[in-house]
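Everything on this sheet refers to the single structure shown next.
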Amino acid sequence: HTLPWLAPPPWAWDAITEMDEYNRPIHTYQVCNVMEPNQNNWLRTNWISRDAAQKIYVEMKFTLRDCNSIPWVLGTCKETFNLYYLESDESHGIKFKPNQYSKIDTIAADESFTQMDLGDRILKLNTEVREVGPINRKGFFLAFQDIGACIALVSVRVYYKKCPFTVRNLAMFPDTIPRVDSSSLVEVRGSCVKSAEERDTPKLYCGADGDWLVPLGRCICSVGYEEVDGSCHACRSGFYKAFAGNIKCSKCPPHSQTFVEATSVCQCEKGYFRAEKDPATMACTRPPSAPRNVIFNINETALMLEWSPPSDTGGRKDLTYSVICKKCGSDASQCEICGGGIRFIPRHTGLINSSVTVLDFVSHVNYTFEIEAMNGVSELSFSPKQFTAITITTDQDAPSLIGMVRKDWASQNSIALSWQDPDFPNGAILDYEIKYYEKEQEQLSYSSTRSKAPSVIVTGLKPATKYIFHIRARTATGYSGYSQKFEFETGDETSDMAAEQGQILVIATAAVGGFTLLVILTLFFLITGSKNNISGFSVRFPGTKTYIDPDTYEDPSLAVHEFAKEIDPSRIRIERVIGAGEFGEVCSGRLKTPGKREIPVAIKTLKGGYVDRQRRDFLREASIMGQFDHPNIIRLEGVVTKSKPVMIVVEYMENGSLDSFLRKHDGHFTVIQLVGMLRGIASGMKYLSDMGYVHRDLAARNILVNSNLMCKVSDFGLSRVLEDDPEAAYTTSGGKIPIRWTAPEAIAYRKFSSASDTWSYGIVMWEVMSYGERPYWEMSNQDVILSIEEGYRLPAPMGCPASLHQLMLHCWQKERNHRPKFTDIVSFLDKLIRNPSSLHTLVEDVLVMPDSPGEVPEYPFFVSVSDWLDSIKMGQYKNNFMAAGYTTMDLVSRMSIDEIRRIGVVLIGHQRRIVSSLQTLRLHMMHIQEKGFHV
Numbered sequence: 001h002t003l004p005w006l007a008p009p010p011w012a013w014d015a016i017t018e019m020d021e022y023n024r025p026i027h028t029y030q031v032c033n034v035m036e037p038n039q040n041n042w043l044r045t046n047w048i049s050r051d052a053a054q055k056i057y058v059e060m061k062f063t064l065r066d067c068n069s070i071p072w073v074l075g076t077c078k079e080t081f082n083l084y085y086l087e088s089d090e091s092h093g094i095k096f097k098p099n100q101y102s103k104i105d106t107i108a109a110d111e112s113f114t115q116m117d118l119g120d121r122i123l124k125l126n127t128e129v130r131e132v133g134p135i136n137r138k139g140f141f142l143a144f145q146d147i148g149a150c151i152a153l154v155s156v157r158v159y160y161k162k163c164p165f166t167v168r169n170l171a172m173f174p175d176t177i178p179r180v181d182s183s184s185l186v187e188v189r190g191s192c193v194k195s196a197e198e199r200d201t202p203k204l205y206c207g208a209d210g211d212w213l214v215p216l217g218r219c220i221c222s223v224g225y226e227e228v229d230g231s232c233h234a235c236r237s238g239f240y241k242a243f244a245g246n247i248k249c250s251k252c253p254p255h256s257q258t259f260v261e262a263t264s265v266c267q268c269e270k271g272y273f274r275a276e277k278d279p280a281t282m283a284c285t286r287p288p289s290a291p292r293n294v295i296f297n298i299n300e301t302a303l304m305l306e307w308s309p310p311s312d313t314g315g316r317k318d319l320t321y322s323v324i325c326k327k328c329g330s331d332a333s334q335c336e337i338c339g340g341g342i343r344f345i346p347r348h349t350g351l352i353n354s355s356v357t358v359l360d361f362v363s364h365v366n367y368t369f370e371i372e373a374m375n376g377v378s379e380l381s382f383s384p385k386q387f388t389a390i391t392i393t394t395d396q397d398a399p400s401l402i403g404m405v406r407k408d409w410a411s412q413n414s415i416a417l418s419w420q421d422p423d424f425p426n427g428a429i430l431d432y433e434i435k436y437y438e439k440e441q442e443q444l445s446y447s448s449t450r451s452k453a454p455s456v457i458v459t460g461l462k463p464a465t466k467y468i469f470h471i472r473a474r475t476a477t478g479y480s481g482y483s484q485k486f487e488f489e490t491g492d493e494t495s496d497m498a499a500e501q502g503q504i505l506v507i508a509t510a511a512v513g514g515f516t517l518l519v520i521l522t523l524f525f526l527i528t529g530s531k532n533n534i535s536g537f538s539v540r541f542p543g544t545k546t547y548i549d550p551d552t553y554e555d556p557s558l559a560v561h562e563f564a565k566e567i568d569p570s571r572i573r574i575e576r577v578i579g580a581g582e583f584g585e586v587c588s589g590r591l592k593t594p595g596k597r598e599i600p601v602a603i604k605t606l607k608g609g610y611v612d613r614q615r616r617d618f619l620r621e622a623s624i625m626g627q628f629d630h631p632n633i634i635r636l637e638g639v640v641t642k643s644k645p646v647m648i649v650v651e652y653m654e655n656g657s658l659d660s661f662l663r664k665h666d667g668h669f670t671v672i673q674l675v676g677m678l679r680g681i682a683s684g685m686k687y688l689s690d691m692g693y694v695h696r697d698l699a700a701r702n703i704l705v706n707s708n709l710m711c712k713v714s715d716f717g718l719s720r721v722l723e724d725d726p727e728a729a730y731t732t733s734g735g736k737i738p739i740r741w742t743a744p745e746a747i748a749y750r751k752f753s754s755a756s757d758t759w760s761y762g763i764v765m766w767e768v769m770s771y772g773e774r775p776y777w778e779m780s781n782q783d784v785i786l787s788i789e790e791g792y793r794l795p796a797p798m799g800c801p802a803s804l805h806q807l808m809l810h811c812w813q814k815e816r817n818h819r820p821k822f823t824d825i826v827s828f829l830d831k832l833i834r835n836p837s838s839l840h841t842l843v844e845d846v847l848v849m850p851d852s853p854g855e856v857p858e859y860p861f862f863v864s865v866s867d868w869l870d871s872i873k874m875g876q877y878k879n880n881f882m883a884a885g886y887t888t889m890d891l892v893s894r895m896s897i898d899e900i901r902r903i904g905v906v907l908i909g910h911q912r913r914i915v916s917s918l919q920t921l922r923l924h925m926m927h928i929q930e931k932g933f934h935v
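Quick note: the sequence shown uses UniProt numbering, first residue 1, plus one each step.
Given below as structure tokens:
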């Protein structure tokens, strides 16, 4: 067999077929002109198309004879040959010109054979691989130059590498050719498999050796499809999947079915329905049956209706009732709706409880009440409504109308009225109802009041304004009709002068008497208080103010009335719900002050169904807040305890909690603004510390921010008890609080003090300077405890002045007596604010460098990238760095944030941690070099 390669000169390289050691024929090109000097024998391949390759690999298998085993060779024998190549767009007609070829390498043998080996048929085969690239033209020629060796070229394999087609995370990635530069990766975006959609952009990186690296993102099966063996399969009949995701199809809920594949929602059976807001996972339901067992009772002027729930609720819990009132004559078919004269308490539709009270009904009338049960799918059904009816005849006699009404006197804000009893009361008069409204506002709204006697003083009116009055009487048998309209006008300022003078005299007299009584009572308590142990009582001396724990009171509810002001609920206007607390809803609204000025407030409400302990715990916070008066402590406006709902009213902070506010405005503030926030928090904590109050839960989430960026400490009064918890968190009645903000001695020994608050303040500083980042990132609580015990402390956030990080480290001293007091912290921050240039120095100036040559700098050196990543708890990215070619700390130290993102670090917190560590590393290396150390 003759190979069609070009061999100039033609007699030099011979195409020979011989047998290998296994007696299999092999084709070789051989040359062995070792007896003659100055050999220049070439062998050129045919034209080879490069296809999509940018870099090619040439694998050569050959044998070479040891020159020393060849007799009579006079220095002309060689043991190497040369490999050349030539790029060309043309496959034919290219004349061989050696000077046009480029040398790839000189090829030497690892193993050579001798005459003895040849006799024993032991051929020592050598394999060498060389790479060529980049290849830019359509193809190329290879050429082999012999310069006087005895060699046999057994095989030449030419190939290129590629990352093969693959499917990862339901995304398909095509064949991809690596880049010529072996240190860079090719980013390839995947396409989702059939019936899948992107959740995060799927990406893979093609490495130089044809391996896929760093998988990112994923696809998920679409609605109606589930993942099976790396592809998305349609949900079969009787199953559904309502949401995109890699979850399995679910069996249809009760009373629903599917008859086709790939269904997102199961269809309801006949007679069953699904409401608009019902999830697809919910069973189909139907309207309820009619209520049962309606009974009534007439008590004085009220008619009470009660009934039992329907026997079939339709499978739902959102059951409500409606009551329709009809007035019927002797013929039951001649009924009409009762109209607006009759009243239902609480209402006639949307009733949750199975009872209602009917007022203002008329005597001697047949009333029919139809009671219907409804649920969330009643409106979807076309079936006739199911209701229960009851007919009641009112045969009581109501009193006759009120006659003449006269005005006895009028002031600026009041009118006194009187009248005669009805001519025919038909029983004892229980009371009178007086309805009134401004004459100009007749169609808009009205007010009402009651009186036991046939007279009344109506207050709260506008000066010099005309009012319309109606009056009716009430007996045990019901109400009379309203009287006719009576119009009266309030007085002006001059008409009130005499009355006001009299009132002033009475008030002055009462004030003198009251003051005298107060002095006597004060002396009495001071005397008796020293003799008796009165729980919760304390004497305050001028110039001092000490915090009093509400739990020291024999009755803790007394502390609320001592330290918090009671607010009339009519002064509070709730506008909207802004959140939910442990005890109930948190709302924003307006509070009317005594000067008639409204201020914005936040209102915490105590939800219904509470027990005494919950009410006491809820008001405990108000008992604490009421003792504080400082611009950086949230201000208590007052409490509502004498009516429901029970409320705590505090000043409104427009920007909410500090942590979420900072995350929302990441990077928007100057360092001075951030230091100003920290100074306000420290000032508030100094005030609390001076009063002897330990906060125990100081964190950015418990700092509130107003529209002027003023920070105020909040969240007081929660009981905190440490318990054996695998996550080493302590528990409050408000939930578990992570140990990330808590001093080590408070976790281990329950030693809470102002010093433990100082530790927490250091964490708050870190939160502020990192714009609300989570302390210790994704480390587990147990890892945080162990790391702190071993001396680890949070590194400075990006752009953090060195002076602030130094203060954080002081706050995190293990020995609590070594931590700064809040007085010292406020003083230190004041100095920074007065001298802003001190904030320009970054972390490099707090690195402690050795003063003597040869000393080791106080900073850990890292032998490898792996050690460095482990030290900053980022070991999960080792493969990413290695695959991207960042194998030494020298290369890593030059990385930019964009390069960190490109290798697959997508979480913002992880990017910041790595960049922060690199900044510190670069600065440290720079200082070492400045000191004369070799890096």
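Heads up, the beta-carbon is just placed ideally off N, CA and C, and yes, glycines get one too.
The beta strand (DSSP E) enclosing residue i, as first and last residue numbers
i           : result
ILE26       : 25 to 31
PRO600      : 598 to 605
residue 937 : The structure shown does not extend to residue 937, since the chain is modelled only from 1 to 935, so the question has no answer here.
ASP146      : 139 to 146
Within 8 angstroms, strictly: CB atoms of residue i and residue j
i           : j      : result
LYS814      : PRO744 : yes
residue 937 : SER714 : Limits of the chain in this structure are 1 at one end and 935 at the other, which puts residue 937 out of reach.
GLY909      : TRP777 : yes
ASP105      : ASN41  : no
ILE457      : SER448 : no
GLY148      : ILE48  : no
ILE402      : SER483 : yes
SER756      : ALA746 : yes
VAL601      : VAL650 : yes
GLY376      : ASP318 : yes
LYS607      : GLY589 : no
ASN366      : CYS328 : yes
Own chain partners of residue i with C-beta closer than 6 angstroms, once the 5 adjacent residues on each side are dropped
i      : result
ASP66  : SER112 and THR114
GLU727 : Unreliable positioning characterises GLU727 in this predicted model, as indicated by a pLDDT of 35, which lies under 50. A coordinate reading is not provided.
ALA416 : ASP408, TRP409 and ILE457
MET625 : LEU636 and PHE716
ALA473 : PRO399, PRO422, ILE429, TYR432 and SER480
Cβ-based neighbour list, residue i, same chain, cut-off 7 angstroms, excluding 5 preceding and 5 following
i      : result
LEU6   : ARG44 and PHE96
CYS206 : CYS163, THR176, PRO178, LEU185, VAL186, VAL188 and TRP212
ILE648 : LYS604, GLU621, ALA622 and VAL639
Close Cβ partners of residue i (< 8 angstroms) along its chain, the five nearest in sequence each way excluded
i      : result
ILE903 : VAL214, TYR877, ASN880, PHE881, ALA883, ALA884 and TYR886
First through last residue of the alpha helix (DSSP H) which encompasses residue i
i      : result
THR823 : 822 to 834
TRP409 : Segment 405 to 410 is the beta strand (DSSP E) holding TRP409; no alpha helix (DSSP H) there.
SER803 : 802 to 811
TYR749 : 744 to 749
ILE900 : 897 to 902
**Item:** Runs of beta strand (DSSP E) wholly within the segment 44 to 76 (minimum 3 residues, chain order)
**Value:** If we require 3 residues or more, the beta strand (DSSP E) runs fully inside the segment 44 to 76 come out as 56 to 64.
**Item:** Ordered list of alpha helix (DSSP H) runs contained in the segment 656 to 731, each at least 4 residues
**Value:** 658 to 664 and 671 to 691, all fully within the segment 656 to 731.
**At least 3 beta-carbon pairs within less than 8 angstroms: the segment 203 to 214 vs the segment 228 to 235** = With a cut-off of 8 angstroms, the segment 228 to 235 and the segment 203 to 214 do not count as touching, because too few Cβ pairs lie within range.
**Asked** Which runs of the alpha helix (DSSP H) fall wholly inside the segment 763 to 789 and span at least 4 residues, in chain order?
**Response** Correct list: 781 to 789.
**Prompt:** Does the segment 404 to 416 come within contact of the segment 453 to 467, defined as at least 3 CB pairs closer than 8 angstroms?
**Reply:** With a cut-off of 8 angstroms, the segment 453 to 467 and the segment 404 to 416 count as touching, because enough Cβ pairs lie within range.
**Item:** Any alpha helix (DSSP H) of 4 or more consecutive residues that is wholly inside the segment 256 to 331
**Value:** Look at the segment 256 to 331 and you find no whole run of alpha helix (DSSP H) that is 4 residues long or longer.
**Asked** Quick one: any contact between the segment 359 to 377 and the segment 386 to 393, if contact means 3 or more CB pairs under 8 angstroms?
**Response** The segment 359 to 377 vs the segment 386 to 393: in contact.
**Message:** Whether or not the segment 803 to 820 and the segment 762 to 776 are in contact is what I'm after, with contact meaning three or more pairs of Cβ atoms, one per stretch, closer than 8 angstroms; do they touch?
**Reply:** Because the criterion of three Cβ pairs below 8 angstroms is met, the segment 762 to 776 and the segment 803 to 820 touch.
**Asked** Between the segment 691 to 710 and the segment 646 to 660, do three or more beta carbon pairs fall short of 8 angstroms?
**Response** Because the criterion of three Cβ pairs below 8 angstroms is met, the segment 691 to 710 and the segment 646 to 660 touch.
**Asked** Is the segment 662 to 681 touching the segment 568 to 583 in the sense that three or more CB pairs, one from each, lie closer than 8 angstroms?
**Response** Output reads no: the segment 662 to 681 does not touch the segment 568 to 583.
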